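My numbering puts the first residue of the sequence shown at 188, with every later residue one more than the last. No residue lacks a Cβ here, since even glycine has one placed at the ideal position from N, Cα and C. Please read these numbers as outputs of a predicted model, since none were measured by experiment. Below is one structure, written out as structure tokens, with a few remarks after it.
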Amino acid sequence: MWAATSSNTGDSWNIASFCTAPAALPATGAAQGGTRVALNLTAAPTTLTFTAVDGGNGHSFALAPEGTVWAWGYDGYGQLGDGGTSRSSTPVPVKGLDGKAAAIGDGSDHSLALTSRGAVWAWGRNFFGQLGNNTTISSIAPVQVKAADRTVSKATGVVVGGNAAADVVMVDCPKPTVIFTVPAHAAGATDITVTTQTKSGTPGPTLTYLGGFTYTT
């Protein structure tokens, strides 16, 4: 059992063991109980093994055999992926990847990892949307690259025979259905064109129904 106890002056600490009693080991401060012992810290590994390396604008990163990613260098935009923006002169692990990395890639101030599950994760500078998560906000931790939701959310317009329809709405009943007021017309078959918008706010597909409406009067 180990315990840390403060000195009676409040300015130093002792490490005490209540299991062993080695003789005459130096310690700083006055012990509050137990026997003073030396604490030997095991140094962290000085070398790491990598299977791939890459580099960007002032930073580098590498892929380890077990699927972890390590980075070092400049970190002004979070491109080291360790949850901060402090540069590092030694490799630090990238935090937050969901799954083991199988490949890595790099941009100027952002980094990318492809996991064994086939997902792509990105972190770092995102001024131009290069992280692929539908924002332009830089990230200090990996975010998953996702395609925009292309599900149609509404009809933005209907043209019948070259004339715009009015009162356009789209309802679910039970499948998406477009309702509109037919413009003035002559008798006969005519084409219908429907413009749409996706749930992510981008233009959706334009749907054309050739001869899709027949005027009877």
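From Leu235 to Gly254, what does the alpha carbon distance come to, in whole angstroms?
-> Linking Leu235 to Gly254 through their CA atoms gives a straight-line distance of about 13 Å.
Burial state of Ala231, where buried means 16 or more other Cβ atoms lie within 10 Å = Residue placement at Ala231 is flagged as unreliable, the pLDDT there being 45, under the threshold of 50; a coordinate-derived value is accordingly withheld.
Nearest candidate by alpha-carbon position, reference Ala300, set Asn313, Gly283, Phe315, Gly316 | Sorting Asn313, Gly283, Phe315, Gly316 by C-alpha distance to the C-alpha of Ala300 places Gly283 at the top.
Just how far apart, CA to CA, sit Ala371 and Ser326?
-> If you take the alpha carbons of Ala371 and Ser326, they lie about 54 Å apart.
Pull up the DSSP beta-bridge partners for Phe400, would you.
-> For Phe400, which the question treats as bridged, DSSP gives the partners Thr377.
Assign Leu318 to one of two classes, buried (16 or more other C-beta atoms within 10 Å of its C-beta) or exposed (fewer than that).
-> So Leu318 counts as buried.
C-alpha gap between Ala369 and Asp285, whole angstroms | Note that residue 369 corresponds to Val in the displayed sequence, not to Ala. Straight-line Cα distance between these residues: approximately 52 Å.
Residue from Ala328, Gly268, Val381, Val240 with nearest C-alpha to Val365 = The residue with the shortest Cα to Cα distance from Val365 is Val381.
His372 by DSSP, collapsed to three states: which one?
-> DSSP, read as helix, strand or coil, puts His372 in coil.
Residues sharing a beta bridge with Phe248, DSSP = Per DSSP, Asp241, Ala258.
Once you ignore the five residues that flank Ile379 on each side, which residues in its own chain have a CB closer than 6 Å to its CB?
-> Around Ile379: Val347, Tyr396, Gly399, Phe400.
Chain B contact for Pro363 (CB, 8 Å cutoff) = Absent from the structure: chain B. Only one protein chain is present.
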